[in-house]
Amino acid sequence: MEKMEILSSLRITKTVLAILSLVLLSNIRVQAQGILLLPSEKQSQRDLSTSKIGEGATTNAHDSILKFVNSSSFPNRETFPRGFFFGAGTSAPQIEGGSHEGGRGLVVYSGDNKYVTKIEHYQRYKEDVQRLKHLGVNSYRFSISWNRVIPDGTLKGGVNKEGIEFYNNLINELLNNDIEPFVTILHFDYPLALQQNIGGFLNRSIVKHFKDYSELLFKTYGDRVKYWTTMNEPELQAMYNYMDNLGHLSTEDCATTKVCTEVYTVLHNLLISHATISKLYKSKFQTVQEGEIGIAISAKSFVPYSSKPQDVDAAQRLIEFQFGWVLEPLFKGDYPKIMRKLVGKRLPEFTKNEKEMLKGSTDFIGINYYFSLFVRHEPNRTKIPASDNFDALAVTEVLNVEGNTLGYYDQYGCSYVYPEGLYNFLLYINKKYKNPRIYITENGIPSFNIPNPLKDEHRTAYIAAHINATKAAINDGLNVGGYFAWAAFDTYDFDDGYSKHMGLYHINFDDSLKRIPTKTAKWYKKYLTLDSVH
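Read in order, the letters of the sequence shown correspond to residues 239 to 772 in the working numbering.
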């Protein structure tokens, strides 16, 4: 979900960072207040600068990108691999509404009560599918609400036929309009009853309930859904709720003591849940249904704060703590060694059978990328924010030791724009995990500080630059299968409500929730036509 605002004072808010994943590469190039637009096919991998925006160009830097987008160097859609997905995404807890309709059970997050209608997608899904069709996307990433199909989270408690029927109708509507469903099984939200009765993902018994829920989805929708994401950003779900305790779910005071245990238990159970349903799908459904199953993580490039060895090491540590924490078990069967060393006995152990089940349990990696950060060594854990993980002994920074930033500051999105961070992160994934299948499952920028959210040229520049970065990675041989802009519609953010205006379609809350295409939506539609923008 959208997680990338940085305050104009150059401070990243604690709340925002708590919902972020922190990842990177240590060999990324740095340019002061600049963005490196990535190459078209004829340019080499190392020559990434098709347009450089230097110091002092931060106010309207996106104008330079838009000029590049309208040039012959910008990659035409037809140059992407056959079958490549160009889509847009949302999630159930952020757009559906209908909180008390159709037999839906209560969910763990308090925002569900504040914005019970969201944008009324539950009632207006047919209209929304037509908006997607008009946009020209060939895939739509969305999530299924566990508490809508199984209200209390358990099969014993009963299956909600109205909830089952809603997603049946949505999936059929998408396919009837030539839009491929790309479905997330768990996007942060799960039944409140499971939290109250067993402690949610702190309790290992939730794995069985998650398996039952997932098997119901495979049986019901698997004949039509060919792309399953087990969960969205499990590392953030753990960090957000059990290190920073922003969801008020943690039972320990680790934000004060700086010594946390529950966060590691929760992520451990999330990984076992992922591997369990992946094994189920692969053994029982995949051969017949011919689908893929994967996981989505939050991502960013981590760049050393300085050339000092301790900062270089800190950047690598944070890669392992935030990125390797999830992917090392899925590809190699265990957590990174540095985590074993620094976390000690608080980090759970996998059994031999669990290690075997974890390895190879993902057909693809979903990448949710927004911006990148510098990383500085910090030996005093009391000075480390929870969002950076106390145990990593590292702190993220917007400015490096020389006062430079990664990319340029977008005054309208209140965020830094650095598509080269996406490119480098993809290269890292490719090298580290031997060219796995990848989808860019989230990428976008808010319209925080903009008089008219329909005139979002800064978002056009952002999305275009990251599409270009994606194509550069593909040109270099990476196995990238799709790009999903975030978000299709204005979505409810767990911290900022609807103030971000993240949607390609703006929602007018003063006029019956009318869906209005922004300038970026119109550009994206034009780009996705056969003639592209040239």
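Virtual Cβ for every residue (Gly too), placed ideally from N, Cα, C. Just so it is clear, the structure is predicted and the values come from calculations on it, not from any experiment.
- [ ] Report the residue from CYS498, TYR347, LEU393 and GLN332 whose alpha carbon sits nearest the alpha carbon of PRO623.
- [x] Minimum Cα distance to PRO623 is reached at CYS498.
Open item on the list: Assuming GLY401 and VAL421 are in contact, meaning their beta carbons sit under 8 Å apart, how far apart are those beta carbons, in whole angstroms?
Closed with: The pair is not a contact, with the Cβ atoms about 14 Å apart (cut-off 8 Å).
- [ ] Sort GLY374, ILE444, GLU453 and LEU484 by Cα distance to PHE732 and report the nearest one.
- [x] Selected option, being the one with the closest Cα: LEU484.
Open item on the list: Whether or not the region 640-647 and the region 691-699 are in contact is what I'm after, with contact meaning three or more pairs of Cβ atoms, one per stretch, closer than 8 Å; do they touch?
Closed with: no
- [ ] Would you grab the beta carbon distance between SER516 and SER625 for me? Rounded to a whole angstrom, and I think it's under 8 Å.
- [x] That pair is no contact at about 28 Å.
Task: Whole-angstrom C-beta distance between THR679 and ASN606, which should lie under 8 Å - done: 6 Å
Task: Residues sharing a beta bridge with TYR721, DSSP - done: PHE324 and ILE678
- [ ] Find out if the Cβ-Cβ distance for the pair LEU370, ALA326 is shorter than 8 Å.
- [x] yes
Open item on the list: Tell me which residues share the same chain as ALA699 and place their Cβ nearer than 6 Å to its Cβ, disregarding the 5 neighbours each side in the sequence.
Closed with: HIS300, ILE303 and LEU304
Task: Span of the beta strand (DSSP E) around ARG386 - done: From DSSP, ARG386 is part of no beta strand (DSSP E) but of the alpha helix (DSSP H) over 384-387.
Open item on the list: Please give the ranges of any beta strand (DSSP E) in the region 577-640, keeping only runs that are unbroken, at least 3 residues long and fully inside the region.
Closed with: 602-607, 611-615 and 632-635
Task: Contact set for LYS752: own chain, Cβ-Cβ below 8 Å, skip 5 residues either direction - done: Once the five neighbours on either side are set aside, the close Cβ partners of LYS752 are ILE745 and ASN746.
TODO: Alpha carbon to alpha carbon, how far is HIS739 from LYS764? Give it in angstroms, no decimals.
DONE: 21 Å
- [ ] Using the Cα positions of GLY437 and ILE444, report the straight-line distance between them to the nearest angstrom.
- [x] Rounded to the nearest angstrom, the two C-alpha atoms are 9 Å apart.
Open item on the list: Helix, strand or coil for THR288? Go by DSSP, reduced to three states.
Closed with: A caution first: THR288 carries a pLDDT of 28, below 50, which makes its placement in the model unreliable, though a value can still be read off. THR288: coil per DSSP, three-state reduction.
- [ ] Name the two residues that bound the continuous beta strand (DSSP E) containing GLU530.
- [x] 530-537
TODO: Taking THR422 as part of the alpha helix (DSSP H), name the residues at either end of that continuous run.
DONE: THR422 -> not in any alpha helix (DSSP H); beta strand (DSSP E) instead, spanning 418-422.
Task: At least 3 beta-carbon pairs within less than 8 Å: the region 460-479 vs the region 500-508 - done: yes
Task: ASN713 to ALA702 span [Cα, whole Å] - done: So the two alpha carbons sit approximately 16 Å from each other.
Open item on the list: Under DSSP, the beta strand (DSSP E) around THR489 begins and ends at which residues?
Closed with: Segment: none, THR489 is in no beta strand (DSSP E) and carries neither H nor E.
Open item on the list: I want to know whether the region 650-658 touches the region 607-621 - three or more CB-CB distances under 8 Å.
Closed with: The answer is yes - the region 607-621 touches the region 650-658, with three or more Cβ pairs under 8 Å.
Open item on the list: For LEU596 and ILE357, what's the separation of their Cα atoms in angstroms?
Closed with: 37 Å
- [ ] Verify whether the separation of the beta carbon atoms of ASN681 and MET481 is less than 8 Å.
- [x] no
Open item on the list: Taking 7 Å as the cut-off, is the C-beta of ILE754 nearer than that to any heavy atom in the ligand SAH?
Closed with: The ligand SAH is not among the ligands present in this structure, which contains no ligands whatsoever.
- [ ] Could you tell me which residues DSSP pairs with TRP466 in its beta bridges?
- [x] VAL421 and ILE531, per the DSSP bridge assignment.
Task: Extent of the continuous alpha helix (DSSP H) to which ASP551 belongs - done: 547-557
Open item on the list: According to DSSP, simplified to helix, strand and coil, what is GLU401?
Closed with: Sequence check: residue 401 is Gly here, not Glu. GLY401 falls in the helix class under three-state DSSP.
TODO: Pull up the CB-CB distance for ASP450 and VAL346, whole angstroms please, since I reckon it's below 8 Å.
DONE: With 8 Å as the limit, ASP450 and VAL346 do not qualify as a contact, their Cβ atoms being about 18 Å apart.
Open item on the list: Can you list, in chain order, the residues of its chain with a C-beta nearer than 8 Å to that of ILE535? Leave out the 5 residues immediately preceding and following it.
Closed with: Answer for ILE535: SER259, VAL261, GLU471, PRO472, GLU473, PHE561, VAL564, LEU565, ILE603, GLY604, ILE605 and ASN606, listed in chain order.
- [ ] Put HIS338 into one of helix, strand or coil per three-state DSSP.
- [x] coil
Task: Beta-carbon proximity check, GLU418 vs PHE322, cutoff 8 Å - done: no
- [ ] Tell me whether ASN706 sits in a helix, a strand or coil according to DSSP, three-state version.
- [x] helix
Task: Cβ contact check for the region 614-622 and the region 585-593: 3 or more pairs under 8 Å - done: no
Task: Distance between HIS359 and TYR465 (C-alpha atoms, nearest Å) - done: Each residue's alpha carbon lies about 21 Å from the other.
Task: Given SER337 as reference, the closest of MET577, GLN361 and GLU658 once Cα atoms are compared - done: GLN361
- [ ] Let me know the secondary structure DSSP gives HIS744 once reduced to three states.
- [x] Strand at HIS744.
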